[in-house]
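For the record, in the sequence shown the residue sitting at position 199 is 198 according to numbering that gives the first Met the number 0, with numbers rising by one throughout. From the three backbone atoms N, C-alpha and C, an ideal C-beta is built for every residue, glycine too.
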Amino acid sequence: MTEEDKTTALATTEAQGAKGEEAEDAGPDEGLRQEALRLRNSADENYWQLGAVLHHIYKQDKYRSWGYESWRDYVTGELDFAIRKAQYLVQLQVWFDTMTPAIQKWMRGLGWAKARLLMHVVKQDNAGEWKNRVAGKSYAEIEAMLKADRESGGGGGGSESPGGGDEGIEVARALPRVVMFSEQRKIYDMAMGKAAEVAQSEKTGHLLAMICQEYLATNVDVLSMNDYLKNAERILALKIIALRESEDPDAEDAVVYGSDYVEEQAVRQARDEAEAETTALDDAIADAKAKNGAH
0 MTEEDKTTAL ATTEAQGAKG EEAEDAGPDE GLRQEALRLR NSADENYWQL GAVLHHIYKQ
60 DKYRSWGYES WRDYVTGELD FAIRKAQYLV QLQVWFDTMT PAIQKWMRGL GWAKARLLMH
120 VVKQDNAGEW KNRVAGKSYA EIEAMLKADR ESGGGGGGSE SPGGGDEGIE VARALPRVVM
180 FSEQRKIYDM AMGKAAEVAQ SEKTGHLLAM ICQEYLATNV DVLSMNDYLK NAERILALKI
240 IALRESEDPD AEDAVVYGSD YVEEQAVRQA RDEAEAETTA LDDAIADAKA KNGAH
């Protein structure tokens, strides 16, 4: 996102947030919320700005303060937007955000569909080459070009040898032998089966590439296991608690993820038990008084 875009988005958000006491009373993030709704109505024309706003909402979990348990619920419920497209818009921001303003301006001008194709392909050091290659080409032509690059071993990243010929074309190599536990193999078979169903292909290399590409696309903002688990919570709308393997579950450091939630539940359970004891005592006292009164 260029500085110009950031300034425009910030100014627009602040202006939206300042409209009327109703928006102000609704909370400090109401302007951001309304901006997302406004941009959603012109998503094709303003996809870059919408992606920037959605990225901020996603990264900061703003949707939770608006009553949504998960990112998916917010996108499909409030924005009435396809979750897959929303994910792509966020990922475009993450991928291109650190590149120069000139690259971002070019990518923004291509439109979201072409930009999505070039995500993970265009980089800071090859943007000039790709700008020349895709100039004047349609979506279908760019897609065919990327497919041809992949099939030739170029990985969709363009030729590394400006002189042409076979130099720089990577030769396909066999994957290393992998040993799996039975549960891991089940997951592998399920993933490969689903990929084969979607791609209508039985080529192992092609299916693995699809699975890996999907993983990179959905976890582009994930930098640690904590980020990964947090992302899983968003997708599943569930709380995850992770324990160290083969350790005492009562040890202080046994919980490696979700300790805040565990503590919260412990406090809640203690409170409920205390309230139950108080209620039982009150009932006993009331019962005793009633019996004494009867005599």
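For residue i, the nearest candidate out of the options (CA to CA)
i       : options                            : result
Asp-364 : His-55, Tyr-214, Lys-193           : Only positions 0 to 294 of the chain appear in this structure, which leaves residue 364 out of reach.
Gln-306 : Ile-141, Asp-96, Gln-48, Ala-143   : Any property of residue 306 remains undetermined from this structure, which presents the chain solely from 0 to 294.
Ala-101 : Leu-228, Lys-130, Lys-185          : Lys-130
Val-254 : Gln-264, Arg-243, Glu-263          : Arg-243
Asp-43  : Ile-210, Gly-108, Leu-207, Lys-58  : Gly-108
Val-121 : Lys-58, Gly-257, Leu-91, Met-224   : Leu-91
Glu-150 : Thr-278, Arg-176, Lys-202          : Lys-202
Gly-110 : Arg-270, Glu-232, Ala-269, Ser-41  : Ser-41
Leu-88  : Asp-60, Trp-65, Tyr-46, Gly-76     : Tyr-46
Asp-60  : Arg-233, Thr-277, Met-209, Glu-140 : Arg-233
Phe-80  : Ala-289, Gly-50, Glu-140           : Gly-50
Residue i versus residue j - alpha carbon distance
i       : j       : result
Glu-128 : Arg-32  : 38 Å
Ala-112 : Tyr-138 : 7 Å
Glu-182 : Val-52  : 39 Å
Val-93  : Ala-275 : 50 Å
Glu-169 : Leu-145 : With a pLDDT of 40 at Glu-169, under the threshold of 50, the predicted position of this residue should be treated as unreliable, and no value is reported.
Lys-104 : Gln-48  : 12 Å
Val-74  : Gln-86  : 10 Å
Ile-186 : Asp-282 : 54 Å
Tyr-62  : Ala-35  : 11 Å
Val-178 : Glu-196 : 25 Å
Ala-287 : Leu-78  : 58 Å
Ala-216 : His-119 : 9 Å
Ala-273 : Ile-284 : 16 Å
Leu-38  : Asp-226 : 28 Å
Met-189 : Gly-204 : 16 Å
Gly-192 : Cys-211 : 14 Å
Asp-259 : Phe-180 : 32 Å
Asp-148 : Val-266 : 57 Å
Ala-198 : Lys-58  : 31 Å
Ala-231 : Ser-64  : 19 Å
Asp-24  : Gly-76  : Because Asp-24 sits at a pLDDT of 47, beneath the cut-off of 50, its placement in the model cannot be relied upon, and the point is left open.
Arg-184 : Leu-207 : 14 Å
Gln-268 : Lys-229 : 24 Å
Leu-117 : Glu-142 : 9 Å
Counted within 10 angstroms of its Cβ, other Cβ atoms place residue i as buried (16 or more) or exposed
i       : result
Arg-115 : buried
Tyr-214 : exposed
Arg-83  : exposed
Pro-161 : Unreliable placement is indicated for Pro-161, whose pLDDT of 32 sits below 50; the coordinate value is still reported in the next sentence. Pro-161 should be labelled exposed.
Gln-264 : exposed
Val-133 : buried
Met-106 : buried
Gly-257 : buried
Leu-280 : exposed
Gly-30  : buried
Ala-126 : buried
Gly-135 : exposed
Ala-14  : With a pLDDT of only 41 at Ala-14, under the threshold of 50, the placement of this residue in the model should not be trusted; the figure read from the coordinates follows. Exposed, because fewer than 16 other Cβ atoms sit within 10 Å of the Cβ of Ala-14.
CB contact check: residue i to chain C, cutoff 7 Å
i      : result
Gly-76 : In the structure shown, chain C cannot be found, because there is only a single protein chain.
Secondary structure, alpha helix (DSSP H): runs of 4+ residues fully inside the stretch 97–132: Those alpha helix (DSSP H) runs which fall completely within the stretch 97–132 and span 4+ residues are 100–109, 111–117.
Validate contact between the stretch 229–240 and the stretch 60–73 using beta carbons, cut 8 Å, 3 pairs: Cβ pair count under 8 Å is three or more, so yes.
Every unbroken alpha helix (DSSP H) inside the stretch 29–70 [4 residues or more]: Counting only runs of 4 or more, we get 29–39, 46–58.
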